[in-house]
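Enquirer: Sharing a structure here in structure tokens format.
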Amino acid sequence: MEEYYFKMNDNETYTIMGYRGDLKEIEIPSTYAGKPVTILFDSLFKGHDEIIHVTIPKGIEDIGGFLFDGCNHLKKIDLPEGLKNIWQYAFVRTAIEEIILPDTLSTIPPFSFKDCKKLKTVVCGKGLKKIHGLAFQGCENLQIVFSYPDIMIEENAFDHPVTIKTIQQ
């Protein structure tokens, strides 16, 4: 069972404001009432411990804060090309092991992946320009970040030494 709650935006797109359900695998809808869904609001899936895999569809541009907070069994998140913004604490306390960021994302804000204790690998998209300080705070198993040249990584983005591998263009 799954049920979503929507709010129309000024530009005639929709924000998903709420979720009620018990599915382990979630495929978020890309449209509602014939209009595109572009925003996933704060705390949408917060505390849904049953979720293990989420597919976010193309067309989603913004992911709110604390979106998956406390989804302790969430191991895989598929992010779409076209995603422009993730907010602080978006993926906090999930069980993801790897994240592949789309080319359209330009920054990783502070605390985005806070306490993702199983996260081992991050693959940055071509458009990523900056990883803010504390973005990966508490990611004690993070070992390697694949990134393109010219990315600015703030000094305290990671709690411990992490291998940064440059992807050749």
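One point on numbering: in the numbering used here, the residue at position 48 of the sequence shown is 39, and numbering is uninterrupted.
Beta carbons: idealized from backbone N, C-alpha and C, even for Gly.
In whole angstroms, what separates the C-alpha of residue 18 from that of residue 35?
Expert: Between residue 18 and residue 35, the C-alpha separation is close to 13 Å.
Enquirer: Would residue 96 pass as a contact of residue 68 if the rule is Cβ separation under 8 Å?
Expert: Contact flag unset, no.
Enquirer: For residue 24, count neighbouring C-beta atoms within 10 Å of its own C-beta (all shown protein chains included) and say buried if the count is 16 or more, exposed if not.
Expert: With fewer than 16 Cβ atoms within 10 Å of its Cβ, residue 24 is classed as exposed.
Enquirer: So, is residue 85 buried or exposed, given that buried needs 16 or more other C-beta atoms within 10 angstroms?
Expert: Burial call: buried.
Enquirer: Between 158, 128, 135, which lies nearest to residue 150 when the distance is taken from Cα to Cα?
Expert: With distances taken between Cα atoms, residue 150 lies closest to 128.
Enquirer: Between which two residues does the beta strand (DSSP E) holding residue 11 run?
Expert: Start and end: 5 to 12.
Enquirer: Please report the Cβ distance between residue 134 and residue 112, rounded to the nearest whole angstrom; I am assuming they are in contact, meaning their Cβ atoms lie under 8 Å.
Expert: Correct: roughly 7 Å between the Cβ atoms.
Enquirer: According to the Cβ coordinates, are residue 52 and residue 29 closer than 8 Å?
Expert: For residue 52 and residue 29, yes; Cβs fall inside 8 Å.
Enquirer: Just the Cα atoms here: how many angstroms apart are residue 64 and residue 124?
Expert: Those two C-alpha atoms are separated by around 26 Å.
Enquirer: In or out: residue 141 buried (at least 16 other Cβ within 10 Å) or exposed?
Expert: Residue 141 should be labelled exposed.
Enquirer: Just to confirm before moving on: does the CB-CB distance between residue 119 and residue 103 stay below 8 Å?
Expert: It is not a contact, given that the beta carbons lie outside the stated cut-off.
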